[in-house]
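Quick notes on the structure that follows.
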Amino acid sequence: MTHASCTLEPTRISGTPTPHEEQPRLFRRVQEQMDRAADAIALAPEVRKILASPACEVGVNFPVRMDDGRIEMFSGYRVQHNNVLGPFKGGIRYHPDVSLDEVRALAAWMTIKCALVDIPFGGGKGGVQVDPSTLSRREIERMTRRFVYALGANIGPGYDVPAPDVNTDARTMAWVVDTYAASLPPQERYRALAVVTGKPVSAGGSVGREKATGQGVVDLIEMWAKDHRCKVSDLSYTVQGFGKVGSWAARILKDKGAKLFAAQDVTGAIRSSSAEGLDADALAEHVKKTGGVAGFPGAQPVSLDEFFGVRADVFIPAALENQVTGRTARLLNVRLVAEGANGPTTPDGDAVLRERGIGVLPDVLCNAGGVIVSYFEWLQNRGGAAWNAAEVDQRLRDILERAYARVKGMVESKALDWRTAAYAVALRRIEEVYAERGIFP
Ligand code: NAD
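Adding 717 to a residue's 1-based position in the sequence shown gives its number in the numbering used here.
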């Protein structure tokens, strides 16, 4: 059976900011990953065609007043990839490298992730091209509020529900709710809570959301360990990125007895000077105080290449895309790459990991804990309920166990690698819905 290949040429969208347009490299990578899985399961050609282009792309340029009275212009995006399973869902990122191509790719990954873990959300993502470390807290707040205002009705509790991502957090989400609520008539403001997830618990967030992505990474490492007849308490690991995902994964692994041998972030790389490993809790405190892992007392500073070469059982990339390349994958000295970040491994990196027999828990499975607990938060907001921590953790674990089993089943039945199998499971789920619903009109 032959399929039309997914070839989305760069499109010009009315209102899209022009200075940062790029060739669609990252989005093309997602398309190629989807194509590989679609070939393996002979996916219906029309589903492949639909998923080849995002359903909607919003680009906005908006002014923000700086603390010194100047006005600066910012560019932001919201890409809504597919919503056949439910409202668009995905984080908002603040980073200088944010581009339309990157946001498209991240939105498409969300479509795959939600379908894979079988929650009723589609895929979306947003971002503002900015280095937030150059802004004051008040400037970040004004920028956030102006971005939400510019997005207007393109987000909403039953339509498109953002969440935190790189350089955004619970406080950012509280500003989104407050700004969105102000745009509604007073009688409808109660609805505003469910416009984003990842809010502070005191302002409508869910218990367990802050750690959810890291918790999911650890749950999946545990499932992998069980399959490989070892215990998490016997594992050692290294972490790239010590932000929300990386630091929570590291702290939860520490509680389970695993040993952190090295960490790296935007400030540098460190490794443990002893076999006992680094104290993940103390490191998280140090990062909170100083902004990064560099200078952590008692740790040895190392180069990036040395960091990648540290011998451990598991490497957790939890920073940005494109970190495990053909070159760095050759440096790795681990048995498993557990992808906390989105898109950390390039196709070359993947090929080297396969060739070297290093296992991969792919991003769309491994970091899905965040969107799953976001779904719980959204349900609680809409139902006026508050679940407790044990309930959240158990429900998260159940969903991840089912998803892990589905991917494993696909790996075994079709002789696929884990990434392709994860995409195949997700695409089957989406195909099923299109087969039932058909295409309007
Ligand atoms: P964050 O902003 O909290 O942390 C990002 C970390 O990456 C920081 O430690 C930063 O220093 C580090 N970093 C940035 N640039 C780097 C570089 N060039 N080299 C090394 N380290 C670098 O972000 P986060 O929310 O932890 O997100 C991390 C990754 O996880 C992203 O890929 C994100 O899309 C993905 N993710 C996040 C969530 C979530 O719930 N927050 C859910 C799923 C996936």
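Note that CB positions come from ideal geometry on N, CA and C, so glycine has one too.
- At a cut-off of 6 angstroms, the beta-carbon of Asp-752 does not count as near the ligand NAD: no heavy atom of the ligand is closer than that.
- Sixteen is the threshold: since fewer than 16 other Cβ atoms of the shown chains lie within 10 Å of the Cβ of Thr-1007, the residue is exposed.
- Counting C-beta atoms within 10 angstroms of its own C-beta, Ile-1156 has fewer than 16 neighbours from the protein chains shown and is therefore classed as exposed.
- Residue Asp-1115 holds the alpha-carbon nearest to the alpha-carbon of Ile-1089 among Asp-1115, Ala-942, Lys-961 and Glu-1149.
- Distance from the CA of Val-912 to the CA of Ala-870, rounded to the nearest whole angstrom, comes to 11 angstroms.
- Separation of the CB atoms of Val-764 and Tyr-1140 is rounded to 12 angstroms, and the pair is thereby denied contact status at 8 angstroms.
- Straight through space, the alpha carbons of Glu-1056 and Pro-1079 are spaced by roughly 6 angstroms.
- When secondary structure is reduced to three states using DSSP, Thr-984 falls in the coil class, being assigned neither helix nor strand.
- Contact annotation: the stretch 901-921 touches the stretch 864-881, with at least three C-beta pairs closer than 8 angstroms.
- Of the candidates Leu-1000, Val-1010, Val-1142 and Asp-944, Val-1010 places its Cα closest to the Cα of Ala-986.
- In chain order, Phe-744, Pro-771 and Val-796 place their CB closer than 6 angstroms to the CB of Arg-821, counting only its own chain and leaving out the 5 sequence neighbours on each side.
- Only residues of its own chain outside the window of five on either side were considered, and among them Thr-889 and Trp-892 have a CB closer than 6 angstroms to the CB of Thr-861, listed in chain order.
- Where Val-815 is concerned, there is no enclosing beta strand (DSSP E), because DSSP gives it neither an H nor an E.
- Counting along the chain, Met-751 sits inside the alpha helix (DSSP H) bounded by residues 742-758.
- The beta carbons of His-798 and Gly-839 sit about 7 angstroms from each other, so the pair counts as a contact at 8 angstroms.
- Taking C-alpha positions only, Leu-823 is separated from Asn-1059 by approximately 7 angstroms.
- The bridge partners DSSP lists for Ile-1033 are Val-956.
- With a cutoff of 6 angstroms, Leu-1053 does not count as near the ligand NAD, since its C-beta is closer than that to no heavy atom of the ligand.
- For Ala-1138, the CB contacts under 6 angstroms within the same chain, skipping 5 residues up- and downstream, are Val-1124, Met-1127 and Val-1128 in chain order.
- Your pair Ile-1075 and Arg-1052 checks out as a contact, with CB atoms roughly 6 angstroms apart and the cut at 8 angstroms.
- The shortest C-alpha to C-alpha distance from Phe-805 to any of Glu-774, Ala-898 and Pro-813 is the one to Glu-774.
- Ile-1156: not part of any alpha helix (DSSP H); DSSP gives it neither H nor E.
- In this structure, Asn-1039 has its CB at a distance of at least 6 angstroms from all heavy atoms of the ligand NAD.
- Where Phe-779 is concerned, the enclosing beta strand (DSSP E) starts and stops at 773-782.
- The nearest non-hydrogen atom of the ligand NAD is 6 angstroms or more from the C-beta of Thr-1062.
- According to DSSP, residue pairing for Ala-761 in a beta bridge does not occur.
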